[in-house]
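Counting from 1, one number per residue, gives the positions in the sequence shown under the working numbering. Cβ atoms here follow ideal geometry from the backbone N, Cα and C, with glycine treated the same way. All figures in this text were calculated on a predicted structure; none of them were measured in a lab. Okay, structure first, notes after.
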Amino acid sequence: MRIALFIACFNDVLYPQTGQAMVRLLRRLGHDVEFPQDQTCCGQMHFNTGYQDDCIPLAQRFCDVFDGYDAVLAASGSCASMVKDYFPVLAERARSPQLAGRVDSVGTRLFELSELLVDVLGVTDTGSYFPHRVTYHPTCHTLRMLRIGDRPTRLLRAVDGIDLADLPEADECCGFGGTFALRNADTSVAMGTDKAVNALGTRAEILTAADNSCLMHIGGILSRGRSAMRPLHYAEILASTREHPYDTGSAVPTVERPAQQFGPGPRA
């Protein structure tokens, strides 16, 4: 299968290793993965902050770049939902039946990693090896917009050596929400703190999810609390094998640290 990787801006700038892990994983499974060099932002940030007309050229460009592939793999759940759920809104806003048709064509071939593996490729055991205790946070866009359900945890449970711990109150938002974290910082940090405390209660070494933006938010709170827990996209867990294991570089965290130590740092 000829697959295009849609890396998304956030990963491209801050977490390129996630895209690299997806490529390694899919090539190991025997698929051709390409990285279209002309890809740009999907426009999610513009759309969410009121600049919806400015997103229309971005939707058009997205269709230009990714049309023609058997499948498009989105390295971000939130960006995948932007294409699937809001590109049709942009086509309607542009009053363009042609764009609506192109958006529908590309959107039906765009998948989050677990959707591609489980639903399209029929894979639940990826031959991975990850001998660590892990807990999984289902991000809002994957849970509520893409509705990927238990696909990621089905993949994770099949990983050799993993100890997958249930996360308490897993379906609660972590509080990132893109610009929400900037405009409502105190609320965002409070929500993230609850998530961090619940994650620590699992005594997991690794907190994983399908969106690096959420992992960055929770990971920042864990870091300020001096926790050893590592945030890690689940693609990197699936890409790990006995021959090429992922080095977490961290020890098992403790949970004796008071919860009040997790929160915003001092303000200038």
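Query, Result
"Return the CA-CA distance between residue 2 and residue 56, expressed in angstroms with no decimal places.", "27 angstroms"
"Which of the three DSSP states, helix, strand or coil, is assigned to residue 233?", "strand"
"Please report how far the alpha carbon of residue 9 lies from the alpha carbon of residue 16, in whole angstroms.", "10 angstroms"
"Do the CB positions of residue 126 and residue 118 come within less than 8 angstroms of each other?", "no"
"Measuring straight from C-alpha to C-alpha, what distance separates residue 199 and residue 237?", "17 angstroms"
"Work out the CA separation of residue 121 and residue 43 for me, nearest whole Å.", "29 angstroms"
"Are the CB atoms of residue 97 and residue 65 nearer to each other than 8 angstroms?", "no"
"With DSSP as the reference, label residue 281 as helix, strand or coil.", "No statement about residue 281 is possible, as the shown extent of the chain runs from 1 to 268 and does not include it."
"Assign residue 204 to one of two classes, buried (16 or more other C-beta atoms within 10 Å of its C-beta) or exposed (fewer than that).", "buried"
"Can you check which of these residues, 170, 52, 179 and 185, is closest to residue 197 by C-alpha distance?", "170"
"For residue 163, collect the residues of the same chain with a Cβ closer than 6 angstroms to its Cβ; drop the 5 residues on either side in sequence, then sort them by chain order.", "133"
"Looking at residue 165 and residue 142, is the spacing between their C-beta atoms short of 8 angstroms?", "no"
"Check whether the region 16-36 and the region 85-93 are in contact - that is, three or more C-beta pairs closer than 8 angstroms.", "no"
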